[in-house]
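Below is one structure; the comments refer to it alone.
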Amino acid sequence: MHVYQRQASHQPARFDCLIHVGMAPDSSYLCRKMGTVSHGIYGSPDLLRQHGVPTNRADIRSMLGVSHLRSGIPEVWFLKNNGREQLVEYEMRFRVHDYWMAK
């Protein structure tokens with residue numbers, strides 16, 4: 000299994016199956032929706048004891064976070080509040096280029 004953060008050239012004989020999050024880069028692929036991806040913000044019990052559980056965007060903004068870089072650009076956090084998406088800024092303590100490192 001290979002995980003690519005950016006578009007890579009895939010030779011048809013090299014892979015039996017390609018999984019993309021979002022739109023497939025090549026319209027000649029046979030595409031099937033496999034599920035829905037959702038993201039969340041998580042904090043360790045120790046962090047939440049020390050800083051409290053955030054209840055609004057200002058609380059999150061004051062906390063330190065790990066930023067996932069996509070092609071060198073930090074991912075933006077959009078959170079839903081009463082069905083409305085809101086941009087949430089946060090202080091980046093660490094920046095990683097691999098999603099699994101951010102976990």
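Take 0 as the starting number for the sequence shown in numbering that gives the first Met the number 0 and just add one per residue. The beta-carbon is built from N, C-alpha and C at its ideal position, and this holds for glycine as well.
- Take the alpha-carbon of H19 and the one of P53: they are about 32 Å apart.
- The residues L63, in chain order, have a CB closer than 6 Å to that of R92 in the same chain once the five nearest residues on each side in sequence are set aside.
- Where L46 is concerned, there is no enclosing beta strand (DSSP E), although the alpha helix (DSSP H) around it starts and stops at 44 to 50.
- Per DSSP, the continuous beta strand (DSSP E) segment holding R69 begins and ends at 63 to 69.
- Judged by DSSP in its simplified three-state form, M100 adopts helix.
- Looking at the DSSP output, R60 shares a beta bridge with no other residue.
- Comparing alpha-carbon positions, the option among G71, S70, I59, I72 lying closest to Q85 turns out to be I59.
- Rounded to the nearest angstrom, the gap between the Cα atoms of M22 and C30 is 9 Å.
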